[in-house]
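K.L.:
Sequence positions in the sequence shown follow my numbering and run 188 to 947. Note that beta-carbon positions come from the ideal geometry of N, C-alpha and C, so glycine has one too. Quick one: the structure is below, questions incoming.
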Amino acid sequence: MKKLHILLFFIFFLNTMVWCRQKPAIDVIPYPSSVTLMNGTFIISSGTALNVPQDLVGEADFLNELIKNAIGSKLQLSRRNNNVIKLIKNKSLKSEEYRLNVSKNLIILSGGSSAGVFRGIQTLRQLFSEKAEIPGHLLPSLSLRCLNIEDLPSFEYRGLHLDVSRHFFSVDFLKKYVDMLALYKFNKLHLHLTDDQGWRIEIKKYPKLTENGAWRTLNNQDSACIAKAADNPDMALDSRFLRKKDGQQQYGGYYTQKQMIDFVKYATTRHIEIIPEIDMPGHMMAAIKSYPFLSCTGDSHWGKLFTTPICPCKESTYEFAQNVFKEIFAIFPSKYIHIGGDEVDRTSWETSGVCNELMRKEGIKTSAGLQSYFINRMEKFFNANGKKLIGWDEILEEGISSTAMVMYWRTWVPEAPLKALKNGNRVIMTPGEPLYFDYPPNKNSLYNVYNFSVIPKGYPDKDRGNIVGAQANLWSEMIPSEKRAEYMAFPRAIALAENLWSHEHRNFKSFSKRLLTQYARLDVLGVNYRLPDLENVITDRVFINQDTLFYKNPINNMVLRYTDNESRPSAKSLSLDKPLIIKENKLIKLGVFSKTDTNLRELYVLNFKKQTIMNSVSKPNVSSGLLGSYYKKLPLRSDGADLTKPDSLFYTDMISVPPSINSPAFRIDYTGIIDVPEAGIYTFYLDCDDSGILSIGDNVVVDNGGMHSAIEKNGQVALEKGMHPFKLVFLEGGGGYKLKLLYSFKNSEPAELPQLWLKH
Ligand code: ACM
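Here it is, written out as structure tokens:
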């Protein structure tokens with residue numbers, strides 16, 4: 188080859204490599220460990236057969252239902268070896284591992300177990316166009332590109348949770364939820380079956396648990412949902428779970444044992460393990476109201492934060508708890524049973540004579556010790572019945588046996604997972620941030636869930652294996668409908684699915700592209716997912732002469748409509764189908780709608796401000812870094828006027844929560860100068876949990892105030908080159924510890940503020 192040809196070939200080869208790395212070979216989520224594309228296609232038509240051993244007929248049935256839905260007929264079973272899909276178990280693979288080989292005449296799907304084969308069927312399913320899933324829409328055949336896939340999960344525990352107590356969900360919805368879990372290769376569904384607001388599973392020995400305990404008069408959270416339903420119909424209470432009794436409106440519902448057994452069977456055919464939670468000793472008000480002997484005081488009511496728990500000092504409590512769990516063990520074949528153990532208000536134990544007596548007898552020093560006594564005793568009972576206990580991380584306090592499984596959730600107790608590992612426990616990660624999917628989603632949630640590090644940085648190698656995986660929780664206080672539950676869970680659950688299955692080879696850019704094609708499948712499956720965010724929306728927009736408003740829709744099933752008279756956009760508002768020129772100060776409300784209904788799905792309030800460029804200030808003798816003023820308690824007044832003197836001062840060129848701070852609620856003011864190198868419009872992005880307000884000169888540039896979980900807000904300001912007064916006030920109310928400020932200039936990617944810009 189001539190030198191020039193060699194060079195051209197080399198450039199072509201490099202380009203191809205780069206292109207291959209950027210463009211995923213197949214649109215599958217979670218992305219498999221290894222994919223090799225080959226030439227040719229396999230056509231599945233009614234003449235194709237299925238070759239399956241006896242112990243994979245359930246999985247074959249699932250595949251055949253998909254194929255029947257696509258082409259109108261099931262495939263015949265046959266032992267032949269051409270024009271056939273062959274399912275096999277291969278004991279040399281790990282349980283959920285599978286290999287998929289598609290060649291022109293033969294598809295071989297082998298799995299380490301029937302679960303492995305089933306996971307491979309979900310890959311096959313996603314390789315079919317979503318049109319194959321449209322009910323009643325028949326395709327002449329299904330065409331599959333020849334390829335080789337080798338795939339296995341990174342984590343053994345890949346879960347979602349659903350709280351069916353605060354609001355209730357139908358069995359049909361549970362089945363749909365399980366179907367979605369199966370599609371994305373999850374393997375666990377944790378059902379939070381009981382809580383103060385409702386007992387949701389029939390217990391034959393204690394019928395009042397559901398006769399009374401499954402029903403409540405409407406509570407504050409119901410009222411809050413009803414208020415929100417004025418703007419969003421998905422926030423209305425589900426009328427199937429409302430009844431009138433004795434002239435009173437009640438909310439409730441429960442699953443009979445028969446329904447639950449049937450549901451567990453359904454989930455088993457989809458290789459999803461149902462883990463039930465019966466939360467005790469706290470969160471038991473619904474049970475205590477029905478069986479008052481359960482508490483130390485004979486009643487239960489709300490204390491400062493939580494309700495009166497059951498009494499761990501009376502034998503009758505253990506008799507009740509064991510009888511309940513005996514029935515639970517019989518319904519749920521899972522070896523894991525969750526006992527809760529979170530958020531216990533122990534004051535009623537501290538003043539109880541029976542508890543004082545038990546403490547004396549057992550040498551227990553504190554009420555926390557009583558909680559540990561209760562959980563440990565219950566764990567022995569679980570183990571004697573062949574079950575393993577899972578509890579929220581509070582079960583670690585005052586000691587727990589190493590055989591219990593710990594579910595970590597309290598972000599503000601960061602040492603808990605390591606403490607559990609050191610005690611020999613296995614750990615499931617479900618930290619509030621980012622895995623509480625009841626927290627409202629925002630434009631960063633997908634990234635945060637996708638990049639969530641299941642094993643915290645710096646954990647010793649020997650302990651890492653005992654972090655078995657992670658789970659996202661969907662607490663339903665503010666989730667009164669099935670559509671709302673889907674909106675909160677999807678697409679975040681899809682990001683978590685890839686994180687947990689394909690942890691080591693995650694690539695958010697590639698995921699984001701593949702997710703766009705998944706939305707079309709979710710449309711076909713009737714899932715009310717949250718529509719994708721518009722790219723790079725600046726909510727407080729600044730211009731000097733004029734500005735243009737336009738966004739490209741990321742997916743087909745989306746329409747943008749807007750108003751400029753402060754009213755909420757509706758399905759009748761003007762559609763933003765061409766650029767809109769803005770010349771004056773204007774408030775635009777931009778609504779995102781799906782093509783499938785008239786509900787407003789997302790609302791962007793865009794404030795356009797005409798600004799003149801802000802003059803710089805001169806300040807001699809500046810030093811590097813901002814001044815941080817730390818107040819270890821939150822102010823009582825929202826303007827902070829009662830904070831006279833900071834508890835400490837420090838200088839810093841990084842805007843973040845210093846790791847040394849351990850106060851649960853505090854304030855930091857960062858003040859000084861920002862020295863920008865060029866005149867123009869600067870954009871600032873402030874992501875914080877809780878409140879953050881950024882001012883430059885006299886302008887509030889980003890107002891992300893209020894007590895809230897992590898959300899990002901942004902804003903702009905037109906600055907002359909040089910120095911400008913800078914102030915960022917951050918309040919932490921407890922739990923989040925998140926503070927991040929980025930900037931962009933002339934459409935650059937958002938980045939940390941350069942240290943050289945920050946002065947005092
Ligand atoms: C919890 O969120 N109370 C486990």
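Give the DSSP-derived three-state secondary structure of Met594 in the structure shown.
P.N.:
It is a strand residue.
K.L.:
Could you check the C-alpha separation between Leu881 and Phe639 for me, to the nearest Å?
P.N.:
Distance between the alpha carbons of Leu881 and Phe639 is about 27 Å.
K.L.:
Can you check DSSP and say which residues form a bridge with Cys875?
P.N.:
Answer is Ile898 and Leu926.
K.L.:
So, are the CB atoms of Glu246 and Phe305 less than 8 Å apart?
P.N.:
Cβ atoms of Glu246 and Phe305: closer than 8 Å.
K.L.:
Rounded to whole angstroms, what is the Cα-Cα separation between Lys513 and Ala401?
P.N.:
Rounded to whole angstroms, Lys513 to Ala401 spans 20 Å at the Cα level.
K.L.:
What does DSSP give as the partner residue(s) for Ser330 in the beta ladder?
P.N.:
Answer is Ile230, bridged to Ser330.
K.L.:
For a test of the three-state rule: what should DSSP assign to Thr397, helix, strand or coil?
P.N.:
Residue state, collapsed to three classes: helix.
K.L.:
Can you give me the start and stop residues for the alpha helix (DSSP H) that Tyr560 sits inside?
P.N.:
Counting along the chain, the alpha helix (DSSP H) containing Tyr560 begins and ends at Ser554 to Ala571.
K.L.:
Just how far apart, CA to CA, sit Thr203 and Thr223?
P.N.:
Caution is warranted here: a pLDDT of 38 is assigned to Thr203, below 50, making its placement in the model unreliable, and the coordinate value is therefore given only provisionally. Answer to the nearest angstrom: the Cα atoms are 15 Å apart.
K.L.:
Under three-state DSSP, which class holds Lys574?
P.N.:
Reduced to three states, the DSSP call for Lys574 is coil.
K.L.:
Please report the straight-line C-alpha distance between Met467 and Tyr560, rounded to a whole angstrom.
P.N.:
Met467 and Tyr560: Cα-Cα distance of roughly 13 Å.
K.L.:
Counting pairs of Cβ atoms below 8 Å between the stretch 367 to 375 and the stretch 268 to 275, do you hit three or more?
P.N.:
Touching, no, given that fewer than three Cβ pairs across the two stretches are closer than 8 Å.
K.L.:
Which two residues bound the contiguous beta strand (DSSP E) that contains Tyr453?
P.N.:
Not the beta strand (DSSP E): Tyr453 falls in the alpha helix (DSSP H), residues Gln444 to Thr456.
K.L.:
Can you give me the Cβ contacts of Ile768 inside the same chain, cut-off strictly under 7 Å, excluding the 5 residues immediately before and after it?
P.N.:
Taken in chain order, the residues that qualify are Gln733 and Thr735.
K.L.:
Compare the Cα-Cα distances from Ile231 to each of Ser265, Pro327, Ile321 and Ile216 and report the closest residue.
P.N.:
Answer by Cα proximity: Pro327.
K.L.:
I need the residues with a C-beta less than 7 Å from some heavy atom of the ligand ACM; please give them in chain order.
P.N.:
Going by the Cβ distance cut-off, the answer is Asp529, Glu530, Trp579, Trp596, Asn660 and Trp662.
K.L.:
For a test of the three-state rule: what should DSSP assign to Asp710, helix, strand or coil?
P.N.:
The answer is helix: DSSP assigns Asp710 an H, G or I state.
K.L.:
Please state if the CB of Thr495 and the CB of Asp532 are separated by a distance shorter than 8 Å.
P.N.:
Yes, they are a contact pair.
K.L.:
Cutting at 6 Å between CB atoms, please list the residues of its own chain near Gly469, excluding the five before and the five after it.
P.N.:
Closer than 6 Å at the Cβ level, and outside the excluded window around Gly469, lie Phe493, Pro496, Glu530 and Val531.
K.L.:
Going by DSSP, what residues sit across from Tyr818 in a beta bridge?
P.N.:
DSSP lists Arg854 as partners of Tyr818.
K.L.:
Grab the span of the alpha helix (DSSP H) containing Met675 for me, first residue to last.
P.N.:
Glu669 to Ala676 is the span of the alpha helix (DSSP H), which, as asked, contains Met675.
K.L.:
Return the CA-CA distance between Lys819 and Asn794, expressed in angstroms with no decimal places.
P.N.:
The straight-line gap from Cα to Cα measures roughly 35 Å.
K.L.:
Rounded to whole angstroms, what is the Cα-Cα separation between Asp764 and Tyr749?
P.N.:
In a straight line, the C-alpha of Asp764 is about 10 Å away from that of Tyr749.
K.L.:
Taking 8 Å as the cut-off, does the stretch 477 to 490 touch the stretch 501 to 510 (at least 3 CB pairs, one atom from each stretch)?
P.N.:
Verdict: yes, contact present.
K.L.:
If you draw a straight line from the C-alpha of Pro463 to the C-alpha of Gly490, how long is it?
P.N.:
Each residue's Cα considered, the two are about 27 Å apart.
K.L.:
Determine the DSSP secondary structure at Trp536, reduced to helix, strand or coil.
P.N.:
Note: Trp536 maps to helix in three-state DSSP.
K.L.:
Once DSSP output is grouped into helix, strand and coil, what is the label at Arg679?
P.N.:
Residue state, collapsed to three classes: helix.
K.L.:
Of all the options Lys276, His354 and Tyr364, which has the alpha carbon lying nearest to the alpha carbon of Glu673?
P.N.:
Among Lys276, His354 and Tyr364, the Cα nearest to that of Glu673 is on Tyr364.
K.L.:
Comparing the CB of Thr443 with every heavy atom of the ligand NAP, is any distance shorter than 7 Å?
P.N.:
Because the ligand NAP does not appear in the structure shown, any question about it cannot be addressed here, the ligands present being the ligand ACM.
K.L.:
Would Arg208 be called buried (16 or more neighbouring beta carbons within 10 Å of its own) or exposed?
P.N.:
Reliability of the predicted coordinates at Arg208 is poor, the pLDDT of 45 falling under 50, and no value is obtained from them.
K.L.:
Measure the beta-carbon distance from Tyr441 to Ile388 and round it to whole angstroms, keeping in mind my assumption that it falls under 8 Å.
P.N.:
About 6 Å separates the two Cβ atoms, so the contact holds.
K.L.:
Going by beta carbon distance, what residues of the same chain come within less than 6 Å of Ser487, once the five residues before and after it are set aside?
P.N.:
Cβ within range, chain order: Met472, Ile475, Thr494 and Thr495.
K.L.:
Measure the Cβ-Cβ separation of Cys412 and Met665 and say whether it is below 8 Å.
P.N.:
A contact, by the Cβ cut-off of 8 Å.
K.L.:
Quick check on the burial criterion: 16 or more other C-beta atoms within 10 angstroms. Buried or exposed for Asn808?
P.N.:
Exposed.
K.L.:
Is the CB-CB distance between Asn786 and Asp449 below 8 Å?
P.N.:
Cβ distance not < 8 Å, so Asn786 and Asp449 don't count as in contact.
K.L.:
Under DSSP, the alpha helix (DSSP H) around Gly303 begins and ends at which residues?
P.N.:
Here the alpha helix (DSSP H) through Gly303 covers Ser301 to Leu314.
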